[in-house]
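*Asks:* Protein chains in written order, with the numbering used here: chain A, 32 to 195; chain B, 32 to 195; chain C, 32 to 195; chain D, 32 to 195; chain E, 32 to 195; chain F, 32 to 195; chain G, 32 to 195; chain H, 32 to 195; chain I, 32 to 195; chain J, 32 to 195.
Dropping the structure in here first, questions after.
10 protein chains.
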Amino acid sequence: MSGPDKTIATLRSDLVPRLPSSAVTLFEAKKQKNLTFEAIAKKLGREEVACAALFYGQARASPEDIKNLSELLDIPQDRLESELSGWPDRGHTLDLPPKEPLIYRLFEIVQNYGYAYKAVLNEKFGDGIMSAITFSTKIEKETDEKGDWAVITLRGKWLPYSRF
Amino acid sequence: MSGPDKTIATLRSDLVPRLPSSAVTLFEAKKQKNLTFEAIAKKLGREEVACAALFYGQARASPEDIKNLSELLDIPQDRLESELSGWPDRGHTLDLPPKEPLIYRLFEIVQNYGYAYKAVLNEKFGDGIMSAITFSTKIEKETDEKGDWAVITLRGKWLPYSRF
Amino acid sequence: MSGPDKTIATLRSDLVPRLPSSAVTLFEAKKQKNLTFEAIAKKLGREEVACAALFYGQARASPEDIKNLSELLDIPQDRLESELSGWPDRGHTLDLPPKEPLIYRLFEIVQNYGYAYKAVLNEKFGDGIMSAITFSTKIEKETDEKGDWAVITLRGKWLPYSRF
Amino acid sequence: MSGPDKTIATLRSDLVPRLPSSAVTLFEAKKQKNLTFEAIAKKLGREEVACAALFYGQARASPEDIKNLSELLDIPQDRLESELSGWPDRGHTLDLPPKEPLIYRLFEIVQNYGYAYKAVLNEKFGDGIMSAITFSTKIEKETDEKGDWAVITLRGKWLPYSRF
Amino acid sequence: MSGPDKTIATLRSDLVPRLPSSAVTLFEAKKQKNLTFEAIAKKLGREEVACAALFYGQARASPEDIKNLSELLDIPQDRLESELSGWPDRGHTLDLPPKEPLIYRLFEIVQNYGYAYKAVLNEKFGDGIMSAITFSTKIEKETDEKGDWAVITLRGKWLPYSRF
Amino acid sequence: MSGPDKTIATLRSDLVPRLPSSAVTLFEAKKQKNLTFEAIAKKLGREEVACAALFYGQARASPEDIKNLSELLDIPQDRLESELSGWPDRGHTLDLPPKEPLIYRLFEIVQNYGYAYKAVLNEKFGDGIMSAITFSTKIEKETDEKGDWAVITLRGKWLPYSRF
Amino acid sequence: MSGPDKTIATLRSDLVPRLPSSAVTLFEAKKQKNLTFEAIAKKLGREEVACAALFYGQARASPEDIKNLSELLDIPQDRLESELSGWPDRGHTLDLPPKEPLIYRLFEIVQNYGYAYKAVLNEKFGDGIMSAITFSTKIEKETDEKGDWAVITLRGKWLPYSRF
Amino acid sequence: MSGPDKTIATLRSDLVPRLPSSAVTLFEAKKQKNLTFEAIAKKLGREEVACAALFYGQARASPEDIKNLSELLDIPQDRLESELSGWPDRGHTLDLPPKEPLIYRLFEIVQNYGYAYKAVLNEKFGDGIMSAITFSTKIEKETDEKGDWAVITLRGKWLPYSRF
Amino acid sequence: MSGPDKTIATLRSDLVPRLPSSAVTLFEAKKQKNLTFEAIAKKLGREEVACAALFYGQARASPEDIKNLSELLDIPQDRLESELSGWPDRGHTLDLPPKEPLIYRLFEIVQNYGYAYKAVLNEKFGDGIMSAITFSTKIEKETDEKGDWAVITLRGKWLPYSRF
Amino acid sequence: MSGPDKTIATLRSDLVPRLPSSAVTLFEAKKQKNLTFEAIAKKLGREEVACAALFYGQARASPEDIKNLSELLDIPQDRLESELSGWPDRGHTLDLPPKEPLIYRLFEIVQNYGYAYKAVLNEKFGDGIMSAITFSTKIEKETDEKGDWAVITLRGKWLPYSRF
């Protein structure tokens with residue numbers, strides 16, 4: 032059975048050229064320590080998705096995150112500080128449209144329901160956007176008699192267009 | 032102020048060529064009756080996003096939906112039955128990548144967090160995808176001292192890859 | 032001489048299919064009345080760029096804007112209200128990359144200086160973005176012995192990435 | 032907090048293949064010396080954006096710039112002269128459309144307001160373009176009770192189309 | 032004659048950068064042992080296509096698969112476990128549209144008959160999709176007086192769209 | 032429930048510009064007569080997919096097909112002869128990649144398993160391709176305790192590369 | 032022989048949707064009057080290429096041009112003034128890359144010699160560009176024993192990059 | 032001032048993967064010897080653009096060119112002969128559309144004036160193309176009170192379409 | 032059987048927007064008269080492919096062609112003269128890459144054998160190209176015991192690159 | 032003169048990443064031995080184009096081909112057997128559309144005459160395609176008083192569409 036068999040996420044070699052060097056360092060230590068993002072998130076006091084995003088170079092590590100990661104993953108703190116210095120350069124991991132079936136499904140939701148979301152959001156909030164920056168997201172697992180369900184929550188600040 | 036001022040969502044003329052003819056019929060009646068998707072959703076007993084998707088031709092109307100829409104919008108039932116016959120041909124409303132800023136933000140979330148979602152979902156559920164078909168979604172509004180927050184929930188059945 | 036000879040901006044017929052029907056109504060009245068965006072902006076109490084964006088369907092008209100436009104352009108107010116109802120569907124006017132030489136130059140500035148802007152903004156403000164929604168922009172004209180200079184100012188709220 | 036915490040901009044390894052070798056030399060020395068572009072700009076007597084552009088290979092260094100950079104960054108002058116010889120080959124750092132959220136916002140401004148800028152510029156200046164070559168740009172930070180604001184100024188010579 | 036002359040499939044060097052490192056390990060051992068996917072499939076108790084997909088990093092190996100591959104291919108089990116750890120990152124091997132003539136023909140079938148499949152599937156099953164995840168596929172060879180025929184069977188669970 | 036509720040496939044108005052005029056004629060008559068492709072296939076003695084392809088202009092009608100369609104759909108035979116004259120111009124109905132979720136799943140199968148199919152086909156048949164011309168395909172429905180399964184069979188002549 | 036047989040350039044119907052309405056007016060009158068661009072250029076005192084560009088909506092007509100065109104082509108002056116009002120919206124006539132063989136050859140020259148032009152221009156003029164705005168171009172015909180030669184001259188102001 | 036300060040054109044490291052190995056050899060020697068293309072062109076008796084094209088692998092070196100380059104640049108003749116053997120594989124240096132601002136301007140000229148060139152060339156020469164093969168080009172510098180002007184001449188054989 | 036059953040080629044309605052109006056006129060008359068391109072070619076004294084290209088607006092009609100077409104197809108000569116005036120605007124009929132299976136096969140030959148053709152042509156003729164302008168092409172049918180064979184001949188003048 | 036001066040085709044370094052490793056081995060030996068494809072074709076008893084395609088990894092070598100290549104090129108037979116094992120992965124050498132001018136001309140022929148070929152082939156053969164698999168091609172050189180002519184012959188089996 033190909034189920035949730037304690038297998039942890041690792042870094043596929045073919046994705047490396049699109050990632051900052053910190054991704055290799057972090058994922059290798061994660062593999063060595065055999066840690067899930069759940070365990071890492073607990074240590075960092077952050078959401079699992081945020082931790083995974085940090086590993087892929089899509090989110091920023093605070094000084095405290097670096098200290099925690101250094102402890103948990105046995106990576107010298109100054110090496111982490113150096114590799115995680117600067118500012119994330121986001122958005123380069125993905126093909127357009129996404130080719131990975133799991134990620135494509137998320138894209139397909141936007142593709143099919145994009146205008147429906149817009150219509151409902153505009154009616155509920157007015158002219159503006161849901162911020163993807165002042166934003167958080169999480170994944171939850173629900174199970175019922177029909178099987179498992181993934182529940183992804185997106186929560187963003189509503190930003191009305193400025194009048195000028 | 033460009034806020035939630037009871038303005039309802041209508042159909043922009045430049046989107047018409049990408050939509051089935053039912054979209055024009057439905058949106059014109061909605062405008063005539065000055066109804067929000069919230070009111071329509073209440074009548075149909077469905078989520079607002081599902082109703083909006085139905086208007087944009089991205090979801091299917093059941094015979095009961097058609098009856099309810101006919102009553103609520105004063106459209107002859109046989110006209111609705113005819114225009115909503117057949118099966119939705121989904122996915123054509125959107126540019127790739129989306130150009131509309133509100134929809135782009137949703138796409139950007141997939142672009143930035145796609146691999147993070149995948150890593151966490153794989154660790155939590157195993158090898159598979161979150162279905163975008165056995166799936167539901169809704170929008171909620173939260174307000175706190177910082178302003179309004181849009182909360183979008185995506186809930187999909189987990190489908191493990193078959194072994195063969 | 033092809034200078035600023037009181038020629039006003041009108042709507043090219045080949046752009047019409049990408050625009051909402053309000054654009055045709057507004058531009059035709061503008062041509063009839065021979066009004067510049069400067070004159071329109073004075074009446075509406077808004078920036079010229081915002082007025083032009085409103086004409087192209089890229090910004091929203093407030094009820095007061097509609098009243099003012101109706102008066103200034105001699106368009107029945109209910110016609111304007113109907114055509115400008117709903118929410119702008121932005122971003123569809125442009126080719127990617129832009130083909131129009133004037134607009135291409137703006138794109139080229141982003142293309143050449145994009146990472147430089149990012150580096151300086153990150154150092155000055157931290158990890159985040161300059162909002163294009165809580166945002167205003169204006170154009171000014173300066174003249175010196177070398178000729179005319181266009182000065183475009185972009186002013187956006189800084190949005191730091193949420194920690195989650 | 033992910034604020035302006037004296038973190039300096041460094042070079043992400045995944046961007047290196049799109050940059051001239053000088054970018055690596057300059058950014059490594061910048062990191063070693065822990066210098067902001069503000070400090071570098073002061074030394075060179077240039078705008079911060081111009082300095083960052085020079086680091087990314089998007090602007091040219093004058094002999095005096097090279098001397099100043101050599102002193103400030105402790106890089107042998109002849110090495111800098113050799114690596115910065117020749118002429119910049121601009122425009123290759125960016126995806127099209129930009130994927131990085133911060134840079135995308137700048138692009139989105141062009142996408143949404145492009146035709147509005149064109150209409151207003153044509154009315155103010157006639158038939159022509161704002162030069163992106165005889166051009167300067169700068170970033171300023173403003174703070175009010177609502178938070179921080181980024182102000183980007185673009186200033187370009189107006190070039191009327193030649194009649195021939 | 033360039034027929035089925037016991038030549039086995041090997042890995043072309045130009046495809047390597049798009050594949051996980053496990054692909055190189057597995058294909059090299061396959062070449063060394065001179066094994067067809069038929070022989071490998073027999074050992075693993077899986078379909079040939081599934082085995083080939085596993086080699087290309089498009090399907091997941093169970094612990095038992097790894098044990099069997101280790102025995103059959105003389106690869107140390109822990110090396111295989113390490114290289115096949117994590118979750119497949121699917122979909123990156125192919126150009127869009129496919130350039131390889133054999134694979135293009137499969138794509139062409141979708142291109143030409145896509146809407147015909149949709150119409151017939153909708154009529155037979157209702158509004159939904161055939162799953163590509165709860166899915167299996169196999170290849171059979173038939174021979175008659177006209178020559179050889181390839182028969183590819185695709186079998187997927189029907190997933191009706193959820194009503195919400 | 033959105034199941035196989037005797038709803039027949041009709042032609043969406045937004046697809047019309049990509050289709051020959053015969054598609055409109057045929058689908059309108061099909062809707063009028065409320066016929067499934069199953070019924071049409073029985074009359075014509077062809078596979079359902081072939082009939083649907085014929086309706087979409089992706090397959091050719093023989094003189095006998097035209098006679099049968101004329102009788103079944105009450106369309107004057109000479110009108111059908113005229114509209115179905117000439118040769119199909121195939122392949123234009125689809126976006127690349129397909130946006131419709133049902134059709135995308137078929138494409139995804141090619142995307143994920145393309146090289147696996149090639150490897151197994153080459154080992155079984157030698158150097159060549161499976162013809163998409165000397166080719167047939169059909170859809171079958173299977174039902175077990177888990178639900179419905181769609182089974183698509185592709186059967187093509189194997190064409191070895193000529194030696195020259 | 033398909034030589035320079037006094038055939039004049041007319042407007043192909045399939046290009047019309049990409050052009051402003053003035054193009055149709057001008058080309059129809061040109062056809063009616065059977066005038067070459069040489070004759071038109073003589074009347075207007077402009078280069079032939081500039082005249083053709085004006086017809087295609089790629090250059091601006093001065094008031095005097097409009098008067099001359101009105102006389103030469105027997106088009107009411109106020110109709111021309113109205114259709115040629117506003118500012119050219121350039122660049123939309125062409126596919127990318129150009130498909131028309133004659134235009135492709137011009138593009139191919141840029142494709143093959145682009146970097147060579149840049150290297151020589153940089154060495155001769157420094158860091159900058161040749162303006163395509165402060166610019167003129169003309170076509171000449173030379174004939175020798177080998178046949179006819181087309182000579183296209185591009186003359187643009189050199190614009191050095193501003194230091195800032 | 033960033034003017035024509037005797038800086039010679041060198042090879043940017045990021046362009047190397049798109050060029051044949053001869054480009055590296057030639058540009059390194061050019062840098063070592065500090066030679067302009069003007070000097071090289073004088074030695075070879077060819078146009079500067081042709082010499083630069085030769086360096087970028089876009090033109091072919093004759094045996095005499097190789098001898099001259101060997102002498103001028105102090106490169107062993109057999110090394111040059113080996114690296115310049117075979118036939119140029121042209122056209123790969125450029126992005127589409129070009130991103131480099133200088134080269135983009137040349138492309139923009141084709142984009143804006145392409146159909147105008149075609150109309151005038153057809154009227155002057157008949158149905159055919161200007162050859163980009165039986166072709167030469169050169170750059171000249173003119174200076175007047177307004178500054179410097181770049182003059183690029185394209186001269187190609189006119190090829191009429193064959194009648195068949 | 033779907034063989035060469037005296038069916039003539041007609042114009043599919045979905046291709047019309049990409050073609051000049053003459054294509055509609057010519058194909059309609061061809062259908063009315065039930066003429067093959069073989070018959071038309073005999074009348075015009077041209078190759079069948081050239082005649083078909085003329086119908087699709089990809090080749091030019093001489094005055095004598097127009098006279099012959101007028102007689103053969105019963106189209107008033109002045110109507111043909113008017114619709115066929117001007118110069119062909121070639122290359123717009125095709126998708127890139129071609130989607131039509133028959134045309135894709137021709138493209139695939141270029142895709143697979145392109146570099147092989149180049150290598151052999153360079154060795155046989157030197158540095159240059161085979162002209163697609165001073166060019167003719169024809170189709171022949173051969174039949175042997177294995178079935179029918181299509182033989183397409185391309186014959187183009189060799190154009191060596193000019194030395195300059 | 033840049034004519035057919037006994038220069039042989041070699042492998043450009045920038046094409047290597049798109050080719051199997053066998054291409055490097057074969058082209059290096061060809062250069063060492065200074066052999067044309069004409070000489071190689073004579074040894075192998077195959078067409079020159081087929082030999083070049085084999086070198087570029089676009090055609091398959093038979094055991095006898097390998098033996099002959101080993102003898103002619105002095106490459107150990109087992110090395111060739113190993114590098115040429117497996118099945119060609121075709122189609123990856125080319126840009127889309129092709130940038131190389133010689134190859135572009137071949138593509139342009141398909142682009143301009145594609146529908147003309149289709150119309151004539153359909154009329155001559157019925158509904159089907161010319162196979163690019165059961166296919167051969169050759170290049171011949173003709174010389175007359177006007178110069179050299181390249182004649183490319185494409186010969187493919189006609190495959191009628193199956194009726195199903």
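Cβ coordinates follow ideal geometry from the N, Cα and C atoms, glycine included.
For F195 of chain H versus E154 of chain I, is the C-beta spacing smaller than 8 Å?
*Replies:* Indexing the eighth sequence from 1 puts residue 195 of chain H at position 164. Indexing the ninth sequence from 1 puts residue 154 of chain I at position 123. No, they are not a contact pair.
*Asks:* Is there a C-beta anywhere in chain J that falls below 8 Å from the one on E171 of chain E?
*Replies:* Here the question's residue 171 of chain E lines up with position 140 in the fifth sequence. For E171 of chain E, the answer is no, since every Cβ of chain J falls outside 8 Å of its Cβ.
*Asks:* For the region 45-62 of chain H, enumerate the residues whose C-beta is nearer than 8 Å to any C-beta of chain J, in chain order.
*Replies:* The residues in question are P48, R49, L50, P51 and S52.
*Asks:* Nearest to R136 of chain H by CA position, among H:S113, H:A181 and H:F86, is which residue?
*Replies:* As a first step, residue 136 of chain H must be located in the eighth sequence, where it is residue number 105. Closest by alpha carbon: H:A181.
*Asks:* What do you get for M32 of chain G, buried or exposed, if any count of 16 or more other CB atoms within 10 angstroms of its CB means buried?
*Replies:* The residue labelled residue 32 of chain G in the question sits at position 1 within the seventh sequence. Because the pLDDT at M32 of chain G is just 37, under 50, the model does not fix this residue reliably, and the value given afterwards should be weighed accordingly. By the 10 Å Cβ count, M32 of chain G comes out exposed.
*Asks:* Grab the span of the alpha helix (DSSP H) containing V141 of chain D for me, first residue to last.
*Replies:* Against the fourth sequence, residue 141 of chain D aligns to sequence position 110. Looking at the DSSP string, the run of the alpha helix (DSSP H) that includes V141 of chain D is P132 to F156.
*Asks:* Roughly how many angstroms separate the alpha carbons of G178 of chain F and S193 of chain B, rounded to a whole number?
*Replies:* Your numbering for residue 178 of chain F matches position 147 in the sixth sequence. Your numbering for residue 193 of chain B matches position 162 in the second sequence. Straight-line Cα distance between these residues: approximately 15 Å.
*Asks:* Using three-state DSSP, classify S162 of chain E as helix, strand or coil.
*Replies:* By 1-based counting over the fifth sequence, the position of residue 162 of chain E is 131. Strand, per DSSP.
*Asks:* Under the three-state reduction of DSSP, which class applies to A181 of chain G: helix, strand or coil?
*Replies:* Within the seventh sequence, the letter at position 150 stands for residue 181 of chain G. Strand at A181 of chain G.
*Asks:* Does R110 of chain I come out as helix, strand or coil in the three-state DSSP assignment?
*Replies:* Locating residue 110 of chain I in the ninth sequence gives position 79, counting from the first residue. In the structure shown, R110 of chain I sits in a helix (DSSP, three-state: H, G or I).
*Asks:* Looking at the structure shown, is D45 of chain J part of a helix, part of a strand, or coil, going by DSSP?
*Replies:* By one-based count along the tenth sequence, residue 45 of chain J stands at place 14. Three-state DSSP puts D45 of chain J in a helix.
*Asks:* Rounded to whole angstroms, how far is the Cβ of L133 of chain C from the Cβ of I164 of chain D, which I believe are closer than 8 Å?
*Replies:* Locating residue 133 of chain C in the third sequence gives position 102, counting from the first residue. Locating residue 164 of chain D in the fourth sequence gives position 133, counting from the first residue. That belief does not hold up - the Cβ atoms of L133 of chain C and I164 of chain D are roughly 14 Å apart, past 8 Å.
*Asks:* Got a sec: which bits of the region 112-129 of chain H sit with their beta carbon under 7 Å from any beta carbon on chain G, in order along the chain?
*Replies:* Residues passing the 7 Å Cβ filter: R121, G122, T124, L125, L127, P128 and P129.
*Asks:* On the DSSP letters alone, give me the boundaries of the alpha helix (DSSP H) that L85 of chain H sits inside.
*Replies:* Counted from its first residue, the eighth sequence places residue 85 of chain H at position 54. From DSSP, the alpha helix (DSSP H) with L85 of chain H extends over E79 to F86.
*Asks:* In terms of alpha-carbon separation, which member of A:T67, A:A40, A:R43 and A:L111 lies closest to N99 of chain A?
*Replies:* Taking the first residue of the first sequence as 1, we reach residue 99 of chain A at position 68. Among A:T67, A:A40, A:R43 and A:L111, the Cα nearest to that of N99 of chain A belongs to A:L111.
*Asks:* So R121 of chain F and N143 of chain E are in contact, right, with Cβ under 8 Å, and what is the actual spacing, rounded?
*Replies:* Within the sixth sequence, the letter at position 90 stands for residue 121 of chain F. Within the fifth sequence, the letter at position 112 stands for residue 143 of chain E. Indeed, because the Cβ distance is near 5 Å, the residues count as touching under 8 Å.
*Asks:* With respect to the alpha helix (DSSP H) encompassing F58 of chain H, which residues constitute its N-terminal and C-terminal limits?
*Replies:* Taking the first residue of the eighth sequence as position 1, residue 58 of chain H is located at position 27. It spans S52 to K64 - the alpha helix (DSSP H) in which F58 of chain H sits, taken as one unbroken run.
*Asks:* May I ask you to report which of helix, strand or coil DSSP gives I170 of chain J?
*Replies:* Translated into positions along the tenth sequence, residue 170 of chain J becomes position 139. Looking at I170 of chain J - three-state DSSP - the assignment turns out to be strand.
*Asks:* Please work out which residues of its chain come closer than 8 Å, Cβ to Cβ, to P35 of chain C, disregarding the five sequence neighbours upstream and downstream, and give them in chain order.
*Replies:* Within the third sequence, numbered from 1, the residue matching residue 35 of chain C stands at position 4. Model confidence at P35 of chain C stands at a pLDDT of 49, short of 50, so the residue's coordinates are unreliable; what they give is reported in the following sentence. None.
*Asks:* Can you round the beta-carbon distance between S44 of chain E and S52 of chain J to whole angstroms, since I take them to be within the 8 Å contact cut?
*Replies:* Along the fifth sequence, read from residue 1 onward, the residue named residue 44 of chain E stands at position 13. Along the tenth sequence, read from residue 1 onward, the residue named residue 52 of chain J stands at position 21. That pair is a contact at about 5 Å.
*Asks:* Buried or exposed: which applies to Q89 of chain D, given that a residue is buried once 16 or more other Cβ atoms fall within 10 Å of its Cβ?
*Replies:* Indexing the fourth sequence from 1 puts residue 89 of chain D at position 58. Counting Cβ neighbours within 10 Å, Q89 of chain D comes out buried, since at least 16 surround it.
*Asks:* So the candidates are F:L50, F:L104 and F:S93; which of them puts its Cα closest to the Cα of T124 of chain F?
*Replies:* Residue numbering aside, residue 124 of chain F sits at position 93 when the sixth sequence is read from its first letter. Comparing Cα positions, the closest option is F:L50.
*Asks:* For the alpha helix (DSSP H) that P94 of chain A lies in, which residues bound it at each end?
*Replies:* As a working mapping, residue 94 of chain A is identified with position 63 in the first sequence. P94 to L104 is the extent of the alpha helix (DSSP H) around P94 of chain A.
*Asks:* Restricting to Cα atoms, I'd like to know which of H:I106, H:Y148 and H:I183 is closest to W118 of chain I.
*Replies:* Mapped onto the ninth sequence, residue 118 of chain I falls at position 87. The candidate whose alpha carbon is nearest that of W118 of chain I is H:Y148.
*Asks:* Would you kindly check if the distance between the Cβ of I97 of chain D and the Cβ of T56 of chain D is under 8 Å?
*Replies:* Counting from one through the fourth sequence, the residue named residue 56 of chain D turns up at place 25. Counting from one through the fourth sequence, the residue named residue 97 of chain D turns up at place 66. No.
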